[in-house]
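J.:
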Amino acid sequence: MKIIDETGAVVENPDLTLGYLVDDTEEVTHPAVEGVEEQWHWETVTEYPNGGKDVQKIVDRPGVKAQEEWVEQVPVQRYIRYTAEELAAQEEERKKAEARKKLPETVAALQEENKMLRQCLLEMSEIVYA
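The sequence shown lines up with residues 1 to 130 when you count with the numbering used here.
In structure tokens:
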């Protein structure tokens, strides 16, 4: 299937990190065709002594049927580039997803630090009130 960009230019290998593909159709107009009769002649293949002949029909130019102009809808894919705002939003979402992925590690580290601080506070209160 042909892939085209917003300007109608063909795109061979679209970068899907910078844009996306949308199914679409493109109109292709086929011109009218004038009809042409077949041109042919007989060619002798074999001649016999009694005057008989074997002949073969040889087509010099094949005939073409007349056809009116017609429009065909051809399936294509359109490559739509992301805007700068969309790319920035994707980057922000990627960073948020990365932060969510690290969240359990962060929570565990904070809980461990909280335990240490409580222990320090306990020890300091024992020293102060002792």
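Ideal Cβ positions, reconstructed from N, Cα and C, are used throughout, including at glycine.
How about leucine 21 and tyrosine 82: are their beta carbons less than 8 Å apart?
T.: Not a contact, by the Cβ cut-off of 8 Å.
J.: Does the stretch 25 to 34 come within contact of the stretch 57 to 69, defined as at least 3 CB pairs closer than 8 Å?
T.: Touching, yes, given that three or more Cβ pairs across the two stretches are closer than 8 Å.
J.: By how many angstroms is the C-alpha of glutamate 92 removed from the C-alpha of threonine 17?
T.: Whole-angstrom Cα-Cα distance: 14 Å.
J.: With the cut-off set at 8 Å, would you say valine 55 and tryptophan 42 are in Cβ contact?
T.: Yes; because the gap between Cβ atoms is below 8 Å, this pair is in contact.
J.: Using the Cβ count rule (16 or more neighbours within 10 Å means buried), how would you classify glycine 51?
T.: Result: exposed.
J.: Assign proline 14 to one of three DSSP states: helix, strand, or coil.
T.: If DSSP states are grouped into helix, strand and coil, proline 14 belongs with coil.
J.: Under the rule that 16 or more other beta-carbon atoms within 10 Å means buried, what is glycine 63, buried or exposed?
T.: It is exposed - the Cβ of glycine 63 has fewer than 16 other Cβ atoms within 10 Å.
J.: For glutamate 38, I'd like the list of residues in its chain whose CB is within less than 8 Å of its CB, leaving aside the five on either flank, ordered along the chain.
T.: Cβ neighbours of glutamate 38 beyond the five flanking positions: Val59, Arg61, Pro62 and Gly63.
J.: Within this structure, are the beta carbons of aspartate 5 and glutamine 77 separated by less than 8 Å?
T.: Not in contact: aspartate 5 and glutamine 77 (Cβ atoms no closer than 8 Å).
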